[in-house]
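Remarks on the structure that follows.
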Amino acid sequence: MNNRLFVAEGTGNRVKVFDVTAISDGENAANVLGQAAFTTATAATTQAGMNVPQDVVYDSANSRLYVSQSTGNRVTTYDVTAISDGENAVNVLGQSTFTATAAATTQAGMNVPYGLALSGSTVLFVSQGTGNRVTTYDVTEISDGENAVNVLGQADFTATTAATTQTGMNAPRGITYDSTNKRLYVAQTTANRITTYDVAAISDGENAVGVFGQQNFTTET
1368 MNNRLFVAEG TGNRVKVFDV TAISDGENAA NVLGQAAFTT ATAATTQAGM NVPQDVVYDS
1428 ANSRLYVSQS TGNRVTTYDV TAISDGENAV NVLGQSTFTA TAAATTQAGM NVPYGLALSG
1488 STVLFVSQGT GNRVTTYDVT EISDGENAVN VLGQADFTAT TAATTQTGMN APRGITYDST
1548 NKRLYVAQTT ANRITTYDVA AISDGENAVG VFGQQNFTTE T
């Protein structure tokens, strides 16, 4: 966004930033987050470091970048109004501090986060592969380790059961949000499907409204 492309590199433990105003084949990245230099790849659960980043989503209204980190069990946020290499994150979700890494299936915790999606600049969706759920956060104002507002794929914030049903999830990964129709799409690797949710108003553990990749909500062939 804003002529920039953000690329998460899991093994590199970094996010590279490319200026795509005019693209040349094999061009250099303009900046790097998660590392102090382009030649390091250290995994670090710190305010500046990253631990296996999986996905990124950009909030253009607030110039915020969200980065999910599956091994860090967290999502970090960066002020990318002006980027400096290896800059500190400004907030963290899924952990109460920048150095904690424990997986937790609670209202505030995360259990192997993967996919990210935004509804405007106010609601952040986070898929959690081992948690078999998607949690939602009010990011109008962010506080470190804040509670999620809602959960999809489970009836409450402490359950983790994998379920190939209309309400359940089975290893969710990538997610995307359709702002026109207020739909959230969730890819589930073990279930071999994508489920669709009406998120105009969310209730915990609500039914999916559609499924792709299967004839019904209970098959996973």
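Mapped onto this note's numbering, the consecutive letters of the sequence shown carry residue numbers 1368 to 1588.
Using N, Cα and C, we set each Cβ at its ideal position, and we do this for glycine too.
What you are looking at is a predicted structure, and each value in this text was computed from that prediction instead of being measured.
By the neighbour-count definition (other C-beta atoms within 10 Å, threshold 16), isoleucine 1450 is a buried residue. Note on geometry: alpha-carbon atoms of valine 1447 and asparagine 1369 lie some 11 Å from one another. With fewer than three CB-CB distances shorter than 8 Å, the stretch 1525-1545 does not count as touching the stretch 1463-1471. For glycine 1577, the pairing in a beta bridge is given by DSSP as Thr1563. Counting only the Cα atoms, tyrosine 1564 lies some 39 Å from glutamate 1394. Judged by beta-carbon spacing, valine 1576 lies beyond the 8 Å limit of phenylalanine 1584, meaning their Cβ atoms are not closer than that value.
DSSP, reduced to helix, strand and coil, places isoleucine 1542 within a strand of the structure shown.
Boundaries for threonine 1585: no beta strand (DSSP E) harbours it, and the DSSP string shows neither H nor E there. Judged by DSSP secondary structure, valine 1516 falls outside any beta strand (DSSP E); it is assigned neither H nor E.
Less than 8 Å separates the beta-carbon of glycine 1461 from that of valine 1442. Closest option to methionine 1417, judged by alpha-carbon separation, among Ser1391, Ala1389, Gly1453: Gly1453.
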